[in-house]
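Data first, discussion second: the structure below is written as structure tokens.
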Amino acid sequence: MANKTTAEKLATIQKGYALEGATIELGAALIDGELHKDAPVRLPLAMMNRHGLVAGATGTGKTVTLHMMAEQLSTAGVPVFLADIKGDLSGLATAAVGSEKLTARTQSIGQDWQGKTFPVEFLALGGDGNGVPVRATVTSFGPILLSRIMELNDTQESSLQLVFYFADKNGLELIDLKDLRAVIQFLTSDEGKDELEQLGGLSKATAGVILRELVTLEAQGLEKFFGEPEFDTAELLRTAPDGRGVVTCLELPTLQSKPMLFSTFLMWLLADLFEDLPEAGDLDKPKLVFFLDEAHLLFNGASKAFLDAITSTVRLIRSKGVGIFFVTQTPKDVPADVLGQLANRVQHALRAFTPEDAKALKATVSTFPVSDYDLEETLTSAGIGEAVITVMNDKGAPTPVALTRLRAPESVMGPSDEALVRSTVAGSALLGKYGTAVDNPSAYEKLTGKAAAPTRPAVSGEAPSGGSGSGSGLGSGSGERDVDAEARRIEEEILGRPSSRPAGSGRSSAPDRVDAPPAPRVPQPQPGGGIMGDLGNVLGGALGGGLKSMARSVGTQLGRELLRGMFGTSSRRRRR
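For the record, in the sequence shown the residue sitting at position 258 is 454 according to the working numbering, with numbers rising by one throughout.
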């Protein structure tokens with residue numbers, strides 16, 4: 197390796213990247229300190245569903261890299277999803293303006309550059325930001341992902357799964373947070389104590405803790421992310437009239453206060469896609485490429501169930517034509533089981549200022565194939581807009597490692613003008629479909645006998661209706677006050693201390709305690725008979741009495757209809 201000449205190294209890279217079929221052009225190779233535009237580095241379009249990693253220290257150009265890749269994917273007719281955390285990727289909607297410096301760079305790597313705009317759809321989580329509001333129902337979000345947002349421990353997560361199971365079995369639609377709160381209140385009330393006992397694994401004390409965390413979510417204003425109309429993830433697969441793939445940018449400007457929500461919502465999008473898309477096998481180009489920025493947020497403090505679900509989703513969604521690129525600082529931010537499935541690597545510069553940095557550098561180097569580069573030196577000396585690359589070639593083998601000077605984006609590297617973003621959102625075909633929140637009758641109305649609140653606009657910048665309290669913002673009047681008071685009563689009774697929920701919530705003199713009207717008895721489905729019913733009984737005995745009723749119902753037709761996905765999510769086909 198050390199005895200190779202520059203010409204031999206060049207020949208290795210040229211041969212390794214002589215690929216057949218459509219490709220994404222990444223840049224030109226740097227060998228022994230010299231740029232060789234006759235050694236282009238590229239990524240086969242057909243291999244982008246083998247997933248990838250874009251990593252590097254802050255400020256080394258990761259966002260520009262995924263910007264440049266998104267442009268070429270769109271041009272190739274592949275839809276793209278981008279988690280636009282900083283708002284910089286909105287520049288895809290604005291053509292870049294050339295300069296002498298830019299021209300010199302692009303010519304040096306053999307790039308035929310010209311400023312372009314791309315078809316962009318702007319989404320905003322719950323309408324928080326400039327974009328079409330994106331919401332999910334609580335039932336489709338599922339207990340595992342919701343536990344992640346609520347930061348529940350493993351025991352509490354298992355208990356929440358039982359609550360979802362109870363709601364599914366009894367036809368109690370969990371649309372927004374007040375629905376889930378109403379179900380927990382029912383289970384902990386005198387009317388629901390028999391149901392709580394049948395669930396077995398759900399103690400009254402644990403239900404109280406879950407209720408408290410749920411109330412905290414509402415107090416933080418997170419209720420607006422849950423509701424209807426629910427976003428259909430098929431919208432991410434659209435192409436523009438000219439055949440280019442639509443680039444969907446999802447932003448959450450208040451990410452710093454809601455990082456767990458943002459990363460978990462991205463996994464819901466992927467889980468929903470996984471449940472709905474058919475098997476596709478090997479395609480000439482992917483159906484969608486999903487760039488997941490700040491990927492480390494997904495894994496920090498994640499439960500084993502959550503990590504297992506991510507690993508399985510990444511492993512299996514490839515065959516449905518979806519490629520996932522994790523964007524983070526170092527490969528060690530991604531669990532080994534996930535990292536092992538990322539065939540395409542774009543590694544920007546790393547820093548080695550501390551012993552921990554040095555350890556991360558050595559770990560990163562160990563994940564690359566043997567190469568003609570001293571990777572420890574290369575990764576600490578690479579410039580902005582340069583990266584060490586190895587991808588999967590069209591035969592399924594890794595390409596040679598190549599230090600690469602990357603192509604320049606053809607649209608603005610930074611945010612578009614806010615007026616342009618707003619006009620794009622206003623003209624979106626999705627705004628009429630998702631722009632107004634609706635509150636259909638669901639578990640809350642069934643259990644409390646209250647009428648659903650009227651629909652209301654939910655575009656960015658509008659405060660939720662229903663006053664300034666910490667309630668869900670979808671209920672109103674005395675019914676909302678009753679539920680708030682009941683939530684305080686349950687917290688005080690179960691937790692043995694004053695409720696954390698503000699009394700009155702800024703509304704007209706509501707009493708500290710209001711007894712909720714008796715909830716209607718929830719009808720129980722009859723256990724199924726025959727072989728499947730017997731199987732449910734056997735499973736119940738094996739799992740213990742606490743889960744016996746759950747296992748028995750798996751043997752019924754209803755139980756089969758209520759099976760959930762790997763994240764505990766409920767697919768749209770099953771929700772209809």
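Virtual Cβ for every residue (Gly too), placed ideally from N, Cα, C.
Keep in mind that this is a model prediction, so the values were computed, not measured.
Between the C-alpha atoms of residue i and residue j, what's the straight-line distance to the nearest angstrom?
i, j, result
"LEU368", "ARG408", "21 angstroms"
"GLU582", "GLN543", "9 angstroms"
"VAL530", "LYS642", "43 angstroms"
"THR313", "SER638", "43 angstroms"
"VAL608", "LEU222", "18 angstroms"
"LEU535", "THR201", "33 angstroms"
"LEU571", "PRO565", "10 angstroms"
"THR524", "GLN310", "29 angstroms"
"PHE422", "ILE371", "7 angstroms"
"MET244", "LEU206", "25 angstroms"
"TYR630", "VAL316", "17 angstroms"
"LEU358", "LEU398", "7 angstroms"
"ILE580", "LEU413", "40 angstroms"
"ALA556", "GLU573", "14 angstroms"
"ASN199", "TYR569", "12 angstroms"
"VAL142", "GLY283", "No statement about residue 142 is possible, as the shown extent of the chain runs from 197 to 772 and does not include it."
"ALA203", "SER459", "45 angstroms"
"SER624", "GLU490", "27 angstroms"
"ASP350", "ALA559", "30 angstroms"
"VAL274", "ASP478", "15 angstroms"
"SER508", "LEU457", "21 angstroms"
"MET264", "THR219", "13 angstroms"
"GLU540", "PRO594", "One point to set straight first is that residue 540 is Asn, not Glu, in the sequence displayed. Going by the C-alpha atoms only, they are around 8 angstroms apart."
Measure the Cβ-Cβ separation of residue i and residue j and say whether it is below 8 angstroms.
i, j, result
"ARG331", "GLU424", "yes"
"PHE382", "TRP464", "no"
"LEU448", "GLY325", "yes"
"CYS445", "LEU319", "yes"
"LEU473", "LYS528", "no"
"ALA378", "TYR640", "yes"
"VAL587", "LEU575", "no"
"GLU426", "LEU626", "no"
"GLN352", "THR384", "no"
"VAL276", "VAL621", "no"
"THR435", "GLY441", "yes"
"LEU321", "LEU373", "no"
Report the three-state DSSP secondary structure of residue i (helix, strand or coil).
i, result
"SER607", "strand"
"LYS555", "helix"
"LYS233", "strand"
"GLN352", "helix"
"VAL510", "helix"
"GLN525", "coil"
"LEU571", "helix"
"ALA378", "helix"
"GLY441", "strand"
"LEU239", "strand"
"ILE227", "strand"
"VAL561", "helix"
"ALA207", "helix"
"THR435", "strand"
"PHE277", "strand"
"LEU535", "helix"
"ILE520", "strand"
"GLU347", "coil"
"ASN245", "helix"
"THR259", "helix"
"GLU267", "helix"
"GLU216", "coil"
"LEU599", "strand"
"ARG547", "coil"
Using a Cβ-Cβ cutoff of less than 8 angstroms, which residues in the same chain neighbour residue i once the five nearest sequence positions on both sides are dropped?
i, result
"LEU512", "PHE470"
"ALA235", "LEU206, ILE209, GLN210, TYR213, ALA224, ALA225, ILE227, ALA598"
"ARG618", "ASN326"
"GLY519", "MET244, ASN245, ARG246, HIS247, GLY248, PRO482, LEU484, VAL485, PHE486"
If you drop the 5 nearest sequence neighbours on each side, which residues of the same chain put their C-beta closer than 7 angstroms to that of residue i?
i, result
"GLY592", "none"
"THR429", "LEU465, ASP468, LEU469, ASP472"
"LEU462", "ALA279, LEU488"
"LEU215", "ARG238, PRO240, ASN589, ASP590"
"LEU494", "SER459, MET463, ILE506"
"SER612", "SER286, GLY287, ALA289, THR290"
Counting only the same chain and skipping the five closest in sequence on each side, list residues whose C-beta sits under 6 angstroms from that of residue i.
i, result
"THR299", "none"
Mind pulling the beta strand (DSSP E) runs of 3 or more residues that sit fully within the stretch 282-341?
316-321, 328-330
Alpha helix (DSSP H) runs wholly inside the stretch 383-427, at least 4 long, in chain order:
389-395, 400-415
Uninterrupted beta strand (DSSP E) stretches inside the stretch 466-507 (no shorter than 3 residues)
484-488
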